[in-house]
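In mature numbering (1 follows the signal peptide of the UniProt record, and there is no 0), the protein residues as written are -17 to -1, 1 to 180.
No residue lacks a Cβ here, since even glycine has one placed at the ideal position from N, Cα and C.
Structure, as structure tokens:
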Amino acid sequence: MISLALLAALAATNAHAEGFKATVGYENVNPKSNNGQLAGAEANVSDDWGFTGSLGYNFDDNWSADVWTGLTKFKHEVGIAGLGTVANVEHRPTTLTVNYHFMPAEKFSPYVGIGYGWVNVSGEEGVGALAGTQVRASNANGLTYVLGADVAVTDNVFIRGSVRKLDFDSDVTVNGAAVGTANVDPLVYGISAGFKF
């Protein structure tokens, strides 16, 4: 009887520790305040909200890996000092992180993670002083970091709050001529609903 109870407890522990999880959230991509110089003038990039999703796997109680991405593209206005908004740009970020979860058995479980991220830039458009020109911005990739917490609602449902840092530096050209690098490097923060399966 004791052996059966012990086996049942171990099975329950393994079921809890390992398995897939998915989230859908609403998050803000907020570029850092100083976005470098374009054409010799200070540049600034606006923030934007969008839907995100992730798919992850728990290797055990503490360790997991997650792929996170934008379900919709994020849209930003690019401004230059003295000229106002000169371009619109869209991008879809994707990250792969390995995470460590603290207090995994508790209702509130914070975690930290590190990994690599990719930013796919598209939809560049010159406006204002650059209307009619061909504006292009390069894709970006680099290290990414995440800090978050999961709050259990049921055994399988949880709410997640997270903040992640993206390495996002994009080389910009206008009509084929290099005009500088936009140092976006945003914080991405928001809230998600998650399900374990």
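Can you have a look at residue i and say buried or exposed, based on whether 16 or more other CB atoms are within 10 angstroms of its CB?
i: residue 232; result: Since the first and last residues shown for the chain are -17 and 180, residue 232 lies out of range.
i: E10; result: buried
i: A64; result: exposed
i: L149; result: buried
i: E89; result: exposed
i: V28; result: buried
i: T127; result: buried
Give the single residue among the options whose Cα lies nearest to the Cα of residue i.
i: F42; options: E89, E10, V81; result: V81
i: A24; options: D30, K179, V171, G62; result: G62
i: V110; options: V72, G98, N103, S121; result: V72
i: A114; options: T68, S121, D30, A5; result: T68
i: S121; options: T137, N103, V129, V136; result: N103
i: D49; options: N158, L130, S29; result: L130
i: I142; options: A161, W32, V7; result: V7
i: D154; options: G19, G96, E1; result: G19
For residue i, which residues of its own chain have a beta-carbon under 8 Å away from its beta-carbon, when the five flanking residues on both sides are left out?
i: T52; result: T35, G36, S37, R75, P76, T77, T78
Taking residue i and residue j to be in contact with their CB atoms under 8 Å, please state how far apart those CB atoms are, rounded to whole angstroms.
i: A132; j: Y94; result: 7 Å
i: D44; j: P87; result: 4 Å
i: A112; j: L54; result: Their Cβ separation, rounded to whole angstroms, is 33 Å, which puts A112 and L54 out of contact at 8 Å.
i: F91; j: N139; result: At roughly 17 Å, the Cβ-Cβ gap does not stay under 8 Å, so F91 and N139 are not in contact.
So, with DSSP's three-state summary, where would you put residue i?
i: A112; result: helix
i: F151; result: coil
i: N103; result: strand
i: S175; result: strand
i: V136; result: coil
i: L66; result: coil
i: P169; result: coil
i: A(-10); result: Residue placement at A(-10) cannot be trusted, given a pLDDT of 44 that sits under 50; what the coordinates show is reported in the next sentence. Of the three classes helix, strand and coil, the one that applies to A(-10) here is helix, per DSSP.
i: P87; result: coil
i: A22; result: coil
i: G15; result: It is worth fixing the name first, because residue 15 is Lys in this sequence and not Gly. Three-state DSSP puts K15 in coil, outside helix and strand.
Looking only at its chain, what residues have a beta carbon closer than 6 Å to the beta carbon of residue i, apart from the 5 residues adjacent to it on each side?
i: N(-4); result: Its pLDDT being 42, under 50, N(-4) is placed unreliably by the model, and the measurement read from it follows with that caveat. Cβ neighbours of N(-4) beyond the five flanking positions: none.
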